[in-house]
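Comments concern the structure below.
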Amino acid sequence: MKCSYCGKEIKSGHGIIFAKDTKQVLYFCSKKCRINSQYRKPQKTKWTEKAREMREERKRLIKKVDTDNMKKE
Ligand SMILES: [Zn+2]
Numbered sequence: 002m003k004c005s006y007c008g009k010e011i012k013s014g015h016g017i018i019f020a021k022d023t024k025q026v027l028y029f030c031s032k033k034c035r036i037n038s039q040y041r042k043p044q045k046t047k048w049t050e051k052a053r054e055m056r057e058e059r060k061r062l063i064k065k066v067d068t069d070n071m072k073k074e
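Residues in the sequence shown are numbered consecutively from 2, following my numbering.
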């Protein structure tokens, strides 16, 4: 099972299960993730898996633009 916020693997017997009003069930590896999820988007929090994915995606896009520009020149 993975943490809904940071994307880390949660060992069985660890972590927090959090049920929202919308019947959505979230799994958190720690209190830190649970609290952060209430106030901050995972995409905007540096240490989460989602933020890392976004950073890498952005890097790929920048690289792609660079190579496209080089072809035109
Ligand atoms: Zn977590």
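All C-beta atoms, glycine included, are put in the ideal place defined by N, C-alpha and C.
- For the pair of segments examined, the region 4-14 was found to touch the region 26-38: the number of CB pairs separated by less than 8 Å reaches three.
- Where Tyr6 is concerned, there is no enclosing beta strand (DSSP E), because DSSP gives it neither an H nor an E.
- By alpha-carbon distance to Val26, the top candidate from Arg56, Arg61, Tyr6 and Thr49 is Tyr6.
- Gly16 and Arg56 have their C-alpha atoms some 26 Å from each other.
- Distance between Ile18 and Lys24, taken at the CA atoms: about 12 Å.
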